[in-house]
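Colleague: First, the structure itself, so that you have it in front of you.
In mature numbering (1 follows the signal peptide of the UniProt record, and there is no 0), the protein residues as written are -22 to -1, 1 to 307.
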């Protein structure tokens, strides 16, 4: 009897171990930390993916750039360091590099549909590089500017007079230089110390990232310009994605889309609350008018369209411009 019980226990234990091992473990790398509302979004994504796959998909989240640095997303995903990661501007994805942060005053009421169309347009280029676009970022809502001194007008904002300003990519660098400033690249984890020590006079960053890294404490003067479409997407290793069953592939894609819709209102509320808190603590915010936004975008896009055509090719660049135009304020 004891032997029978022991044998049964071993069989059950083996089955449980087999079930645990048979789960598809997906490693998701992100630069956001655990105090950021977007971390809650990744947890929701993991929850939905597991539910829709009947428990077969297990998403493990690695926050705060623990797996790789800011500009190493493509290498990390292609090399197997992560299965899913944010993808920053990369020369191997030339059209994505030019359009994932683009001069446009976006009407956010249609953001989810716009992001979905953008993902569709960028997918062929991503696939050629072994990547599958999975999750759109709410980046477009909050990519803004901060300075160590209060900015009182759009004229002052667009006349940097040699200021050193943190840049996130080629478009922002071109803008900073066009306004008479000097772009400086600093990874998100190093921005606090750089601002605190006076290494930079200004910072270009997302409000959510800026807030979660407590940067309002060292550079509290914001310009709420609203002059970017940004979509720093989370992409998956294509071989890893293709290795999943069709049902699990579908579950993963549906989980990504449902997470975007779930996160958007929570994200926007969280960002607005962080700005309100900063203002109460003595920070300042210069909000540009629609006319001022469109004027700045017009000045920038005229020079950036050449990059768009060169990097995307004529047919795709026309589709991209139509998408941005259809979703402008």
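Using N, Cα and C, we set each Cβ at its ideal position, and we do this for glycine too.
I'd like the ranges of any alpha helix (DSSP H) spanning at least 4 consecutive residues and lying wholly in the stretch 171 to 243.
Modeller: Counting whole runs of 4 or more residues, the stretch 171 to 243 contains the alpha helix (DSSP H) stretches 185 to 190 and 216 to 221.
Colleague: Once you ignore the five residues that flank residue -4 on each side, which residues in its own chain have a CB closer than 8 Å to its CB?
Modeller: Any reading at residue -4 needs caution, since the residue's pLDDT is 45, under 50, leaving its predicted position unreliable; the model's value is listed next. Around residue -4: no qualifying Cβ.
Colleague: Quick one: measure Cβ to Cβ for residue 218 and residue 61, integer angstroms, because I've assumed they're closer than 8 Å.
Modeller: Their Cβ separation, rounded to whole angstroms, is 5 Å, which keeps residue 218 and residue 61 in contact under 8 Å.
Colleague: Give a yes or no on contact between the stretch 259 to 279 and the stretch 62 to 79, applying the rule of three or more CB pairs nearer than 8 Å.
Modeller: Contact between the stretch 259 to 279 and the stretch 62 to 79 is absent, because fewer than three Cβ pairs lie under 8 Å.
Colleague: Who pairs with residue 80 in a beta bridge, going by DSSP?
Modeller: Paired residue(s): 207.
Colleague: Residues in its own chain within less than 8 Å of residue 260 by CB, not counting five upstream and five downstream?
Modeller: Cβ neighbours of residue 260 beyond the five flanking positions: 198.
Colleague: Can you name the start and end residues of the beta strand (DSSP E) that residue 62 belongs to?
Modeller: Where residue 62 is concerned, the enclosing beta strand (DSSP E) stretches over 62 to 64.
Colleague: If we count the other Cβ atoms within 10 Å of its Cβ and call it buried at 16 or more, is residue 251 buried or exposed?
Modeller: So residue 251 counts as exposed.
Colleague: Can you tell me the Cα-Cα spacing of residue 5 and residue 128, whole angstroms?
Modeller: C-alpha separation (whole angstroms): 42 Å.
Colleague: For the alpha helix (DSSP H) holding residue 16, just list the boundary residues, first then last.
Modeller: Note, residue 16: alpha helix (DSSP H), 15 to 30.
Colleague: Secondary structure at residue 7, three-state DSSP: helix, strand or coil?
Modeller: DSSP places residue 7 in strand when its eight states are reduced to three.
Colleague: Would you kindly check if the distance between the Cβ of residue 131 and the Cβ of residue 323 is under 8 Å?
Modeller: In the structure displayed, the chain extends from -22 to 307; residue 323 sits before or after that span and is not available.
Colleague: Would you call the stretch 153 to 164 and the stretch 133 to 142 touching, i.e. three or more CB-CB distances under 8 Å?
Modeller: With the cut-off at 8 Å, the stretch 153 to 164 and the stretch 133 to 142 touch.
Colleague: May I ask which residues mark the beginning and end of the beta strand (DSSP E) holding residue 38?
Modeller: Residue 38 -> beta strand (DSSP E) spans 35 to 40.
Colleague: At 3 residues or longer, and completely inside the stretch 93 to 171: list those beta strand (DSSP E) runs for me, N to C.
Modeller: Complete beta strand (DSSP E) runs here, min 3: 109 to 113, 121 to 125, 142 to 145 and 160 to 163.
Colleague: Can the beta-carbon of residue 271 be found closer than 8 Å to that of residue 204?
Modeller: For residue 271 and residue 204, yes; Cβs fall inside 8 Å.
Colleague: Around the Cβ of residue 30, are there at least 16 other Cβ atoms within 10 angstroms (buried) or fewer (exposed)?
Modeller: It is buried - the Cβ of residue 30 has at least 16 other Cβ atoms within 10 Å.
Colleague: Using the Cβ count rule (16 or more neighbours within 10 Å means buried), how would you classify residue 54?
Modeller: With 16 or more other Cβ atoms within 10 Å, it is buried.
Colleague: Would you report the Cα separation of residue 66 and residue 126, rounded to the nearest angstrom?
Modeller: For residue 66 and residue 126, the distance between alpha carbons rounds to 26 Å.
Colleague: How about residue 112 and residue 212: are their beta carbons less than 8 Å apart?
Modeller: A contact, by the Cβ cut-off of 8 Å.
Colleague: Once the 5 residues before and after residue 37 are set aside, which same chain residues still bring their CB inside 6 Å of it?
Modeller: 4, 6, 24 and 27.
Colleague: Which one of 35, 231, 59 and 41 has the shortest CA to CA distance from residue 166?
Modeller: Here the closest residue by C-alpha is 41.
Colleague: Consult DSSP for residue 306 and reduce its assignment to one of helix, strand or coil.
Modeller: In the structure shown, residue 306 sits in a strand (DSSP, three-state: E or B).
Colleague: Where do the ends of the beta strand (DSSP E) carrying residue 59 lie?
Modeller: Element bounds for residue 59: n/a, residue is neither H nor E.
Colleague: Could you give the DSSP three-state label for residue 251: helix, strand or coil?
Modeller: The answer is helix: DSSP assigns residue 251 an H, G or I state.
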